[in-house]
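One structure below.
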Amino acid sequence: MKLAVGMLMLLLSFMLMPFNIQVERIPSTVMNKSFNATVITPKTYGKTSKKYSVVYVLHGWLNDYDSMSYHTEIGRLSDEYDFIIVMPDGNLNKWYFDSRINSEFRFGTYVGREVPEYIDKKYRTIKKRSARAVTGYSMGGFGAFNAVFNYPETFGNVGSMSGAVEISGFENKWNLRKVFGNYEENKDLWESAAVKNNLNKFGNKKFNIVISCGDEDFFIDINRELHEKMLEAGIKHTYIERPGRHDWDYWREEIKFQLLFFSNYLK
Numbered sequence: 359m360k361l362a363v364g365m366l367m368l369l370l371s372f373m374l375m376p377f378n379i380q381v382e383r384i385p386s387t388v389m390n391k392s393f394n395a396t397v398i399t400p401k402t403y404g405k406t407s408k409k410y411s412v413v414y415v416l417h418g419w420l421n422d423y424d425s426m427s428y429h430t431e432i433g434r435l436s437d438e439y440d441f442i443i444v445m446p447d448g449n450l451n452k453w454y455f456d457s458r459i460n461s462e463f464r465f466g467t468y469v470g471r472e473v474p475e476y477i478d479k480k481y482r483t484i485k486k487r488s489a490r491a492v493t494g495y496s497m498g499g500f501g502a503f504n505a506v507f508n509y510p511e512t513f514g515n516v517g518s519m520s521g522a523v524e525i526s527g528f529e530n531k532w533n534l535r536k537v538f539g540n541y542e543e544n545k546d547l548w549e550s551a552a553v554k555n556n557l558n559k560f561g562n563k564k565f566n567i568v569i570s571c572g573d574e575d576f577f578i579d580i581n582r583e584l585h586e587k588m589l590e591a592g593i594k595h596t597y598i599e600r601p602g603r604h605d606w607d608y609w610r611e612e613i614k615f616q617l618l619f620f621s622n623y624l625k
């Protein structure tokens, strides 16, 4: 009897085992370095042979690959929606961009191509753009759109939370000059980096797009403008504006909405 109860308890504990979090060291050929990434697999991953959709979540300025693990319930959300979630490192402040000012900064290529290639080789993933999403908060929102514009074959779904969707006007902030150079000398690059100026790169491919920003966020005006530009261009998207600032109180809730949104498309 005791043995049977023990076996039952063991079985129940196995069935209730939550998501798994681990840190991967993912190499970059273009930068000749490796960087950490948090990878969350849902509780079903070790119990089936199925292949999984993947959501890539990019962190904000001066955060890192495990910031969202500390501040949100993203692991539980991996279980809820049965996604693999990958949070690569953006080296604190490199803006997920291939800098023409400093050739050592190639984080656009890293998150757009190299990280997904690594994940697809090591994990049981659905290797289709329709089964991959990329989103991020603040700097990561900029990075998510940059990844989609430059690697439309990789991602079919994109989101942004409180995204820095336009960098002009913030010339002296957030290490931008180290990536984009002096504004006066590189005005064309600064202006061309704005998401609103790259909408033509969506082309004829199908994308599922969600943009959100708090109404007290200092990025609210540029997000509203992006929303209007997308409406004018006839680009189908979901725009969410609700009470909130540029902080974890907002992102903690917003990541829930973003993953719910993606769950409608990642099959």
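Counting from 359, one number per residue, gives the positions in the sequence shown under this note's numbering.
For each residue, glycine too, the CB sits at the ideal point set by N, CA and C.
If you're wondering where the values come from, they're calculated on a predicted model, not measured in any experiment.
| Check | Outcome |
| --- | --- |
| For N581, the first and last residue of its enclosing alpha helix (DSSP H) | I578 to E590 |
| Whether F377 touches K401 by CB criterion (8 Å) | yes |
| Beta carbon of L435 nearer than 8 Å to that of I613 | yes |
| Neighbourhood of N449 by C-beta, 7 Å cutoff - its chain only, sequence neighbours within 5 removed | F393 and F465 |
| Rounded Cβ spacing between I442 and Y481 (contact assumed at less than 8 Å) | 6 Å |
| Spatially closest choice to S520 from L416, Y410, T387 and V388, by CA coordinates | L416 |
| Chain D contact for W532 (CB, 8 Å cutoff) | Looking for chain D here will not work: only one protein chain is present. |
| Three-state secondary structure assigned by DSSP to P385 | strand |
| Sequence-distant residues of the same chain with beta carbon closer than 7 Å to P385, five excluded per side | S392 |
| Identity of the residues DSSP links to G315 by a beta bridge | This structure cannot settle anything about residue 315, because the visible part of the chain is limited to 359 through 625. |
| Of the listed residues S518, H595 and S411, nearest to S621 (C-alpha basis) | S411 |
| Start and end residues, beta strand (DSSP E) containing I459 | It is not in any beta strand (DSSP E) - I459 carries neither H nor E in the DSSP assignment. |
| As assigned by DSSP and simplified to three states, the class of T467 | helix |
| For D424 and T396, believed in contact at Cβ under 8 Å, the rounded distance | 5 Å |
| Y403 versus G539: straight-line alpha-carbon distance, rounded | 44 Å |
| Integer Cβ distance of A591 from L557, believed to fall under 8 Å | 5 Å |
| Neighbour-count burial assignment, K625, 16 or more Cβ in a 10 Å radius | exposed |
| Start and end residues, beta strand (DSSP E) containing F377 | First-last for F377: undefined, no H or E at that position. |
| Sequence-distant residues of the same chain with beta carbon closer than 6 Å to Y495, five excluded per side | G418, M519, S520 and W609 |
| Proximity of E462 and R487 at Cβ, strictly below 8 Å | no |
| Between the CA atoms of L618 and E438 - distance to the nearest angstrom | 10 Å |
| Inter-residue spacing [alpha-carbon to alpha-carbon] between D605 and C571 | 11 Å |
| Segments of 4+ residues assigned as alpha helix (DSSP H) that fall wholly inside the stretch 533-621 | 534-538, 545-550, 578-590 and 606-621 |
| Rounded C-alpha distance that separates I484 from E611 | 27 Å |
| Rounded C-alpha distance that separates Y476 from V444 | 11 Å |
| Same chain, Cβ closer than 7 Å to L370, five either side skipped, listed in chain order | Reliability of the predicted coordinates at L370 is poor, the pLDDT of 38 falling under 50, and the value obtained from them is presented with this limitation in mind. So no residue of the chain qualifies. |
| Where Y428 falls, given that 16 or more other Cβ within 10 Å makes a residue buried | exposed |
| Beta-carbon separation (whole angstroms), P446 vs V473, contact threshold 8 Å | 5 Å |
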